[in-house]
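So the structure is just underneath, and the comments pick up after that.
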Amino acid sequence: MVDRVLGRSGNEIDAVAEISRPFVYKVLPDLLGLPQWGRDHMAAFGHMVWATMGPQNALFQEAMQNNPEPVFKWVDECCNRENLDPEGLGMKMFEAADRGAISQDEAKLLVQILLSAAADTTVMTLSTAIRAFCQFPEQYQRLRREPALVRAAFEESLRWDSPSRLAGRITTKDVDIEGVTIPAGTRCGLLFAAANRDPRKWTAPDEFDLGREVRGHVGWGFGVHSCVGRLLAGLEAEALLGAIVRRIGRFESAGEPEPWMTTIGHGPARLPVRVSVSA
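Residues in the sequence shown are numbered from 74 upward in steps of one, following our numbering.
Okay, structure coming up:
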């Protein structure tokens, strides 16, 4: 994929459509051990997942306007035990069920959750990292000099502009925040995006900084509600960003990103950039 991108060096490309999305949509199902058939449904499935985490507005209607049944059927069937690669991560879930750690139904559900949790969020975070490389070229050059920082770059992109801007929670007890009591049973929206740029926590929070101590960001969520796809997303990021910094000398913007937004998430739907071999 990097070879193909470099073959268009100096020309405008869409980093979402030509780098982030094809990589994740190939590597994630391969890691899970999903069959090859039906993978063309991944984009529609991702849109449905995000659209259902909010009101039934125009975005929801758009995601559901085409017949969703083939997508649902694919998600149901591709995660069945008999359709999984015996060496894939998905089969490990069923092996855990064989040991009695979870039920067979829970094993299948975990495969489906990983498919949804580590797909489009990873696409958007990788695309956001590339946007940061355009906006902060000195940080990209540092990453090229210090490729061991690829995981730090992924984590910083999550802090700098997380694809999940907020999450809904329900208080289990009365909670006091700076003198304001939130009663037990209250539905709350926790603003990850605001916390990740809170100047009380982060120095120069609007800057993308590979030297930052990034531990403590909430781009993954927090506690028992942390993102279940975190490990897979990190592996995907290390592989792609590692290949990028070894081969691509520079990213530069080729126009304004086209935003994509849902009730709780956002990211670039299209990211026009130019790449070059030399810095």
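Ideal placement from N, C-alpha and C gives every residue a C-beta, glycine not left out.
Please classify residue i: is it buried, with 16 or more other beta-carbons within 10 angstroms of its beta-carbon, or exposed?
i: residue 348; result: buried
i: residue 110; result: exposed
i: residue 298; result: exposed
i: residue 309; result: buried
i: residue 260; result: exposed
i: residue 276; result: exposed
i: residue 22; result: Any answer about residue 22 is impossible in this case: the structure gives the chain only from 74 up to 352.
i: residue 162; result: buried
i: residue 129; result: exposed
i: residue 231; result: buried
i: residue 166; result: buried
i: residue 252; result: exposed
i: residue 268; result: buried
i: residue 287; result: buried
Taking the straight line between their C-alpha atoms, what separation do you get for residue i and residue j?
i: residue 315; j: residue 180; result: 31 angstroms
i: residue 333; j: residue 146; result: 26 angstroms
i: residue 98; j: residue 254; result: 44 angstroms
i: residue 265; j: residue 241; result: 11 angstroms
i: residue 246; j: residue 256; result: 7 angstroms
i: residue 201; j: residue 341; result: 7 angstroms
i: residue 120; j: residue 136; result: 6 angstroms
i: residue 209; j: residue 234; result: 14 angstroms
i: residue 138; j: residue 125; result: 13 angstroms
i: residue 296; j: residue 279; result: 25 angstroms
i: residue 331; j: residue 173; result: 47 angstroms
i: residue 281; j: residue 311; result: 18 angstroms
i: residue 118; j: residue 182; result: 15 angstroms
i: residue 171; j: residue 300; result: 25 angstroms
i: residue 58; j: residue 289; result: Only positions 74 to 352 of the chain appear in the structure, and residue 58 is not among them; the question remains open.
i: residue 273; j: residue 131; result: 37 angstroms
i: residue 205; j: residue 211; result: 10 angstroms
i: residue 188; j: residue 158; result: 15 angstroms
i: residue 178; j: residue 105; result: 17 angstroms
i: residue 262; j: residue 239; result: 6 angstroms
i: residue 221; j: residue 227; result: 12 angstroms
i: residue 51; j: residue 86; result: Residue coverage of the chain in this structure runs from 74 to 352, which leaves residue 51 outside it and unanswerable.
With a threshold of 6 angstroms on Cβ separation, who are the neighbours of residue i within its own chain once the five nearest residues in sequence on each side are excluded?
i: residue 107; result: 151
i: residue 306; result: 191, 195
i: residue 270; result: 278
i: residue 123; result: 335, 338
i: residue 114; result: 144, 147
i: residue 44; result: Nothing can be reported for residue 44, as the shown portion of the chain is limited to 74 through 352.
Below 7 angstroms CB to CB, which residues in the same chain sit around residue i once its five sequence neighbours on both sides are set aside?
i: residue 82; result: 348, 349, 350
i: residue 322; result: 349, 350, 351, 352
i: residue 258; result: 243, 244
i: residue 313; result: 96, 199
i: residue 154; result: 167
i: residue 185; result: 148, 152
i: residue 207; result: 324, 325, 326, 346
For the putative contact between residue i and residue j, defined by C-beta atoms under 8 angstroms, what is the C-beta separation to the nearest angstrom?
i: residue 194; j: residue 302; result: 7 angstroms
i: residue 102; j: residue 112; result: 6 angstroms
i: residue 141; j: residue 197; result: The pair is not a contact, with the Cβ atoms about 22 angstroms apart (cut-off 8 angstroms).
i: residue 203; j: residue 88; result: 5 angstroms
i: residue 318; j: residue 217; result: 5 angstroms
i: residue 229; j: residue 283; result: 6 angstroms
i: residue 320; j: residue 100; result: Wrong, their Cβ atoms sit about 17 angstroms apart, outside the cutoff.
What does a CB cutoff of less than 8 angstroms around residue i pick up in its chain, not counting 5 residues either side in sequence?
i: residue 77; result: 91
i: residue 160; result: 106
Practice prompt. Just list the beta strand (DSSP E) runs in the region 245-305, keeping only unbroken ones of 3 residues or longer that don't cross its boundaries, in chain order.
Written response: 248-250, 253-255, 260-264
Practice prompt. Please go through the region 159-213 and give each complete alpha helix (DSSP H) segment of 4 or more residues, from N-terminal end onward.
Written response: 162-171, 177-190, 193-208
Worksheet item: What are the start and end residues of each continuous beta strand (DSSP E) run of 3 or more residues lying completely inside the region 311-338, in chain order?
Response: 323-326, 331-334
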